[in-house]
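Data first, discussion second: the structure below is written as structure tokens.
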Amino acid sequence: MPRAVSGKVASVHTQAISATPRSARPQKGGASGAGAGSGAASGSGAGSAATKNPIFNTERFGQHILKNPLVAQGIVDKASLKPTDIVLEVGPGTGNLTVRILEQAKHVTVVEMDPRMAAELTKRVQGKPEQRKLEIILGDVIKTELPYFDVVISNTPYQISSPLVFKILSHRPLFRCAILMFQREFAMRLVARPGSPLWGRLSANVQLYAKVDHIMKVSRNSFRPPPQVDSSVVRIVPLNPPPAIRFEEFDGLTRIVFSRRNKHIRACFFGARGVLELLEANWKTWCTEHGIVPDLTEPFSKRVDKVLERTGMAEARAAKLDVDELLALLAAFHDEGIHF
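Residue numbers for the sequence shown follow the UniProt record's numbering, so the first one is 1 and each next one is one higher.
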């Protein structure tokens, strides 16, 4: 299946392993995003006294601290960690997930936005053998150049759900799997299939990169403070080898066809203001770059019509098209010199 991911390859960190928090190394040219600060609370903090502790006033970072030990253990178990694994954890909080990961992995790098959480996690492993296996990066995961990792585990802050998914999927070298917890609706959009109500641009764009499976539903009561909605845990396994398509091209197509997901594909191109004009400008640029004189003897719209008719997708609906069909449509546009 011809699928590919574009994106810069993050360099591997060469700094010494340490459980002392250090500032994040900014990613060169990295996208900005909200901070990564959600995580799991320690088991000892489950009582009412801990609830009053100001360290649990975490909502400004989008944090909902995981307090259910069974859920925490279930997440780590689903990662199927090996003794040789290097694990990236995003938003460790006070370390309820982290200490379980440290028991099984060779090394754990955590990225935490909240200095209070980083300090609590540091105290939790201080003087223990696990301290040598832990490195804490203090900063925004979306802006941070990430080190090498085999597995990603995260109780993900809701506001960085989408940026985090695409950041790790563009990371090189490819990781083995990711076990990520999200707001339930977002998670169900990740695993949605063509024809289902939640199948959309996010579903297609992620499934271009990876196989995504739903692992478990998590009650809102498993968190402190409890969020307004339930969560779900998903497993993401990147396709290896990666596809040979520029993601920007695929994303450009899905942006158009899913703008009216239940309308005919033709209506998405001809019924939306500015779409044909933008594609025509791209086509003329492509012709110039390839030393081709644009054929202006017929309206550009006829080129688009020819592609839709040739592929038999003029009356198809994006809501029912799978990734392979979308790739076939994109390839047909490329054959006409039309790019996104």
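A virtual CB, placed ideally from N, CA and C, is assigned to each residue, including glycine.
Whole angstroms are fine: how far does the CA of residue 179 sit from the CA of residue 158?
Position 158 of the sequence shown, counting from 1, holds the residue named residue 158. Position 179 of the sequence shown, counting from 1, holds the residue named residue 179. So the alpha carbons of these two residues sit roughly 15 Å apart.
Report the residue from 282, 324, 296 and 305 whose alpha carbon sits nearest the alpha carbon of residue 270.
Position 270 of the sequence shown, counting from 1, holds the residue named residue 270. Selected option, being the one with the closest Cα: 305.
Segment limits, alpha helix (DSSP H) that includes residue 188:
Position 188 of the sequence shown, counting from 1, holds the residue named residue 188. 184–191 is the extent of the alpha helix (DSSP H) around residue 188.
Which residues in the same chain as residue 337 place their Cβ atom closer than 7 Å to its Cβ, once the five residues preceding and following it in sequence are excluded?
Residue 337 sits at position 337 when you count from the first residue of the sequence shown. So the qualifying residues of the chain are 283, 286 and 287.
Through-space distance from residue 143 to residue 193, alpha-carbon basis
Here residue 193 refers to the residue found at position 193 of the sequence shown. Here residue 143 refers to the residue found at position 143 of the sequence shown. Spanning the two alpha carbons is a distance of roughly 31 Å.
Pick from 330, 301, 294 and 263: whose alpha carbon is nearest that of residue 277?
Along the sequence shown, read from residue 1 onward, the residue named residue 277 stands at position 277. Nearest C-alpha to residue 277: 301.
Can you pull the DSSP bridge partners for residue 273?
Locating residue 273 in the sequence shown gives position 273, where the first residue counts as 1. None, per the DSSP bridge assignment.
If you reduce the DSSP assignment to three classes, tell me which class residue 221 lands in.
Residue mapping note: residue 221 aligns to position 221 of the sequence shown, counting from 1. Three-state result, residue 221: helix.
With a threshold of 16 other CB atoms inside 10 Å of the CB of residue 101, please say whether the residue is buried or exposed.
If you number the sequence shown from 1, residue 101 lands on position 101. It counts as buried.
I'd like the span of the beta strand (DSSP E) that includes residue 86, first residue to last.
Mapped onto the sequence shown, residue 86 falls at position 86. Looking at the DSSP string, the run of the beta strand (DSSP E) that includes residue 86 is 86–90.
Ranges of the alpha helix (DSSP H) found wholly within the stretch 244–292, counting only runs of at least 4
247–257, 265–270 and 275–289
Keeping to the same chain, check which residues put their C-beta closer than 7 Å to that of residue 332; ignore five residues upstream and five downstream.
Taking the first residue of the sequence shown as 1, we reach residue 332 at position 332. Excluding residues within five positions, the ones whose Cβ falls inside 7 Å are 307, 310 and 311.
Identify whether residue 66 lies in helix, strand or coil by the three-state DSSP scheme.
Numbered from 1 along the sequence shown, position 66 holds the residue referred to as residue 66. DSSP places residue 66 in strand when its eight states are reduced to three.
Which runs of the alpha helix (DSSP H) spanning at least 4 residues fall entirely within the stretch 103–133, listed in chain order?
115–125
Could you tell me the distance, in whole angstroms, from the CA atom of residue 195 to the CA atom of residue 115?
Numbered from 1 along the sequence shown, position 195 holds the residue referred to as residue 195. Numbered from 1 along the sequence shown, position 115 holds the residue referred to as residue 115. Between residue 195 and residue 115, the C-alpha separation is close to 44 Å.
Could you tell me the distance, in whole angstroms, from the CA atom of residue 202 to the CA atom of residue 123?
The residue you call residue 202 lines up with position 202 of the sequence shown. The residue you call residue 123 lines up with position 123 of the sequence shown. Cα-Cα distance, rounded: 39 Å.
CA-to-CA distance, residue 248 to residue 185, given in whole angstroms
Your numbering for residue 185 matches position 185 in the sequence shown. Your numbering for residue 248 matches position 248 in the sequence shown. Straight-line Cα distance between these residues: approximately 25 Å.
Tell me where the alpha helix (DSSP H) around residue 303 begins and ends.
Walking along the sequence shown from the start, residue 303 turns up at place 303. Taken as a continuous stretch (DSSP letters only), the alpha helix (DSSP H) holding residue 303 covers 300–311.
Using 8 Å as the threshold, is the stretch 231–240 in touch with the stretch 322–331, meaning 3 or more CB pairs across them?
no
Label residue 221 either buried or exposed according to how many other C-beta atoms from any shown protein chain fall within 10 Å of its C-beta, with 16 as the threshold for buried.
Within the sequence shown, the letter at position 221 stands for residue 221. Exposed: under 16 other Cβ atoms inside 10 Å.
Rounding to the nearest angstrom, what Cα-Cα distance links residue 275 and residue 197 in this structure?
For the purposes of this step, residue 275 is taken as residue 275 along the sequence shown, with counting starting at 1. For the purposes of this step, residue 197 is taken as residue 197 along the sequence shown, with counting starting at 1. Straight-line Cα distance between these residues: approximately 25 Å.
Leaving aside the five residues before and after residue 199 along the sequence, list all residues of the same chain whose C-beta is less than 7 Å from its C-beta, in chain order.
For this step, residue 199 is matched to residue 199 along the sequence shown. So the list reads 192, 193 and 319, once near-sequence residues are dropped.
For residue 242, does the count of other Cβ atoms within 10 angstroms reach 16, so buried, or fall short, so exposed?
Walking along the sequence shown from the start, residue 242 turns up at place 242. Buried is the call here.
From 167, 149, 90 and 121, residue whose alpha carbon lies closest to that of residue 107
As a working mapping, residue 107 is identified with position 107 in the sequence shown. Checking every option, the nearest Cα to that of residue 107 belongs to 149.
Would you say residue 111 and residue 141 are within 7 Å of each other, going by their C-beta atoms?
Position 111 of the sequence shown, counted from the start, is the residue given in the question as residue 111. Position 141 of the sequence shown, counted from the start, is the residue given in the question as residue 141. It is a contact, given that the beta carbons lie within the stated cut-off.
Collapsed DSSP secondary structure at residue 95 in the structure displayed:
As a working note, residue 95 is residue 95 in the sequence shown. Coil.
By the three-class DSSP mapping on this structure, what secondary structure does residue 205 have?
Residue mapping note: residue 205 aligns to position 205 of the sequence shown, counting from 1. Note: residue 205 maps to helix in three-state DSSP.
First through last residue of the beta strand (DSSP E) which encompasses residue 154
Numbered from its first residue, the sequence shown carries residue 154 at position 154. 151–155 is the extent of the beta strand (DSSP E) around residue 154.
Once DSSP output is grouped into helix, strand and coil, what is the label at residue 314?
Counting from 1 along the sequence shown, the entry for residue 314 is found at position 314. Three-state DSSP puts residue 314 in coil, outside helix and strand.
What residue range is occupied by the uninterrupted beta strand (DSSP E) comprising residue 236?
Residue mapping note: residue 236 aligns to position 236 of the sequence shown, counting from 1. 231–238 is the extent of the beta strand (DSSP E) around residue 236.
Should residue 212 be labelled buried (16 or more other beta-carbon atoms within 10 Å of its own) or exposed?
Numbered from its first residue, the sequence shown carries residue 212 at position 212. So residue 212 counts as buried.
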